[in-house]
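Sequential numbering of the sequence shown, starting at 1, is according to UniProt numbering.
We put the CB at the ideal spot given by N, CA and C, even for glycine.
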Amino acid sequence: MTGDIRALLARHLPGYEVGSVRPLGRGLDHTVHEVNGELLIRLPRAADPQTLRREVDLLAAVAGLSPLPVPEVVFADAEAGAIAYRKLPGESLDTCPPERPERLAEPLGRFLAALHAADPGRMGELAPLDLYPAATLLEEAELDYRDVERHVPEDQRPLVERFLAEEPPGEPRSPRFCHNDLGAEHILVDAATGAVTGVIDWSDAAVTDPAHDFARLYRDLGPEVFELVVAHYPPSLDEDDRARVRFHARCALIEDLAYGLSTGPRHYADAALAHLPWTFA
């Protein structure tokens with residue numbers, strides 16, 4: 001694997017001296033390595049040139065939309081399916097929670113307002129449409145929950161079961177371009193100041209319900225910080241929007257709990273259990 005990375009760098013960045021290469025993570029579809037503490041190189045299990053080109057174009061478009069830093073593509077290799085980004089500063093929010101999370105509200109509110117204001121028709125050429133009926137998502141959440149129910153503290157199970165018994169919310173009126181996986185692990189912050197330094201991992205970006213972006217903030221940061229973010233979001237949210245945010249936050253939490261207790265890293269399950277009371281309250 002290190003040899004593959006060195007060969008890619010020699011091809012695309014001739015003369016670049018490689019001092020260190022270290023693995024950062026492995027997903028279902030790819031691995032990520034850090035080079036010299038400044039480049040991130042993602043290698044796929046199977047190359048897909050068309051998807052790679054679309055991702056490069058998507059990140060270029062996002063860079064023009066976002067008031068927060070996003071990954072900058074250094075090179076992409078269609079044959080190998082590899083892509084290299086310049087590493088953004090900061091630590092992921094899930095490993096470096098700030099002392100005053102309310103300070104995240106203003107930059108995240110502006111970020112989402114800018115993202116959701118993009119022309120969904122234009123962005124739909126770069127990102128897929130991602131709309132699943134809420135009833136289907138609720139059925140999937142119940143199946144996941146039954147697999148992991150025994151791991152949920154007994155006094156908290158009624159919170160989840162009450163949610164699973166409720167009617168799902170209505171469908172969104174206007175799908176917008178969204179990050180679509182805006183969990184704490186994809187928000188970077190300065191460890192010293194708590195300032196947001198970037199938003200990473202745009203692989204799930206889609207034209208979908210804007211509630212998806214707010215839902216993971218609700219799940220990971222809590223309802224109070226969520227409301228502060230909304231206060232800096234010019235379109236605002238009505239009660240139907242908030243109902244969909246709560247719905248998607250709860251479905252996402254159950255999904256993370258099941259993932260962390262099966263094939264995924266355990267910290268996903270630990271975070272889900274820690275955030276369950278405020279997500280389902």
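Expected contact under 8 Å - CB spacing of Leu65 and Ala114 to nearest Å: 5 Å
Length-filtered (4 minimum) alpha helix (DSSP H) runs lying within the segment 127-205: 134-148 and 157-165
Residues that Thr51 bridges to, as DSSP identifies them: Paired residues: none, contrary to the question.
Nearest residue (CA-CA) to Asp119, options Ser236, Thr208 and Phe226: Thr208
Touching by the beta-carbon criterion (3+ pairs, under 8 Å), the segment 72-83 and the segment 42-52: yes
First and last residue of the uninterrupted alpha helix (DSSP H) at Arg242: Glu239 to Gly260
Separation of Cys96 from Leu188, as counted between CA atoms: 9 Å
Assumed close pair Ala141, His179 - CB separation to whole angstroms, cut-off 8 Å: Actually they are not in contact, since the Cβ atoms of Ala141 and His179 sit about 21 Å apart, beyond 8 Å.
Where Ala117 falls, given that 16 or more other Cβ within 10 Å makes a residue buried: exposed
Same chain, Cβ closer than 7 Å to Pro277, five either side skipped, listed in chain order: Gln156
Cβ contact check for the segment 21-39 and the segment 130-145: 3 or more pairs under 8 Å: no
N- and C-terminal bounds of the beta strand (DSSP E) containing Arg31: Just to set this straight, residue 31 is Thr in the shown sequence, not Arg. That run of the beta strand (DSSP E) goes His30 to Val35.
Environment of Gly15 [buried if 16+ CB atoms lie within 10 Å]: exposed
Residue nearest to Ala134 in terms of C-alpha spacing, selected from Ala252, Arg266 and Ala272: Ala252
At least 3 beta-carbon pairs within less than 8 Å: the segment 190-204 vs the segment 58-78: yes
Per-residue DSSP class, three states only, for Thr208: strand
Status (buried if at least 16 other CB within 10 Å, exposed otherwise) for Tyr132: exposed
Assigned exposure category for Thr279 - 16 Cβ within 10 Å defines buried: buried
Any non-hydrogen atom of the ligand MG within 7 Å of Ala63 CB: The model depicted lacks the ligand MG and carries no ligand whatsoever.
Exposure label - Pro234; buried when at least 16 CB within 10 Å: exposed
Selected residue, minimal CA-CA separation from Leu59, among Glu125, Gly90, Glu91 and Asn36: Glu125
Contacting residues, own chain, Cβ-Cβ under 6 Å from Ala76 (five flanking each side not counted): Leu52, Val56 and Ile83
For Arg110 and Leu182, the rounded distance between their alpha carbons: 14 Å
Pairwise C-alpha distance: Asp94 and Tyr268: 10 Å
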